[in-house]
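Working notes for the structure below.
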Amino acid sequence: MPSQATTAPRVALVTGTSSGIGAAVVEHFCKLGHQVLAVDFNPAGKAVAGKAGAVFYEADLSDPDACRGAVTEAVKRFGSVDILVNNAGIQHVASIETFPEEKWHQIIDLMLTAPFLLTQAAWPHMRKKGWGRIVNVASIHAQVASPGKAAYTSAKHGMIGLTKTAALEGGEQGITANAVCPAYVKTPLVDNQIADQAKLNNMDEQDVVEKIMLKQAAIKRLIEPEEVAQLIAYLASDAAGAVTGSSFNIDLGWTAH
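Sequential numbering of the sequence shown, starting at 4, is according to the working numbering.
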């Protein structure tokens, strides 16, 4: 999507911003003139936000109070929340038989419950203005499944349902909700999976990218975070005012089979 498909400067709250997609979105939004609250549990995100021109807010979004606190902070600093990008995520790869229960709860809390609570907290501010954009960073695993990713896949499938419900409820209030579904993006989250995937599939680490991550892809490369950020920027713009309840695959042809 063209980066100039923007809107007037708005207030954006972006989660999971210390690296990868979130960091790229923060940088892109700041270049577009938006006021950005960059939310992450990792203190390293402060330097990323500062370099881009955003304000950093440290929070563990698996805590419901932290979700509400992030929205309160954005309103306190900037007066509102116009754009919400739910991007924060973690990963754990293991079979269903061996998947740790605590990891299941951690992933669901961060990647499904937190987006709901952030949406709920931001909603009145968007409704008051009659304008809002919610963009949920799902995954191609919101459309398909892979072995070893029960919690991640469940959370991402749930995020699509949350997106559609928010779209139906927000339509008459000027609030849109959409999801983006990337395949494997060149991020630390993906890099950190390689050893676990190798162990789960009994293969060498150097084979994981080619034989697992890119096996289904028509374009044999990882996606750049900025590519995802530009799609998110479009969905957060005035130009996308008629787009809601949709899921956009940015998957290198993964689901074309």
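Backbone N, C-alpha and C define an ideal beta-carbon position, used for all residues, glycine too.
Taking 9 Å as the cut-off, the beta carbon of residue 250 is found closer than this to the beta carbon of residue 182. Looking from the CA of residue 100, the closest CA among 184, 28 and 151 belongs to 151. With a threshold of 16 other beta carbon atoms within 10 Å, residue 98 falls short and is exposed. Annotated as proximal: residue 23 and residue 188, with beta-carbon spacing under 9 Å.
By a beta-carbon distance limit of 8 Å, residue 235 does not contact residue 78. Their separation comes to about 22 Å. In the DSSP assignment, residue 156 falls within the unbroken alpha helix (DSSP H) covering 153-173. Apart from the 5 residues on each side of it in sequence, residue 178 sits with its Cβ closer than 6 Å to the Cβ of 129 and 135 in its chain, given in chain order. Relative to residue 146, the option among 260, 75 and 85 whose CA is nearest is 260.
Residue 60 is bridged by DSSP to 42. For a cut-off of 8 Å, the C-beta gap from residue 75 to residue 52 is around 18 Å, too long to register as a contact. For residue 210, same chain residues with a beta-carbon under 8 Å away, outside a window of 5 residues either side, are 201 in chain order. Cα atoms of residue 176 and residue 133: separation of roughly 5 Å, rounded to the nearest angstrom. Residue 42 is positioned such that its CB atom lies no closer than 9 Å to that of residue 55. Around the CB of residue 45, fewer than 16 other CB atoms lie within 10 Å, so the residue is classed as exposed. The bridge partners DSSP lists for residue 16 are 40 and 87. Sequence-distant partners of residue 199 (beyond 5 residues in either direction) whose C-beta falls short of 6 Å from its own C-beta, in its chain, are 96.
When DSSP states are grouped into helix, strand and coil, residue 253 belongs to the strand group.
About 7 Å separates the beta carbon of residue 85 from that of residue 15, a gap short enough to meet the 8 Å contact definition. Residue 220 carries a coil assignment under DSSP once its states are collapsed to helix, strand and coil. Per the coordinates, the alpha-carbon of residue 32 lies some 32 Å from the alpha-carbon of residue 153.
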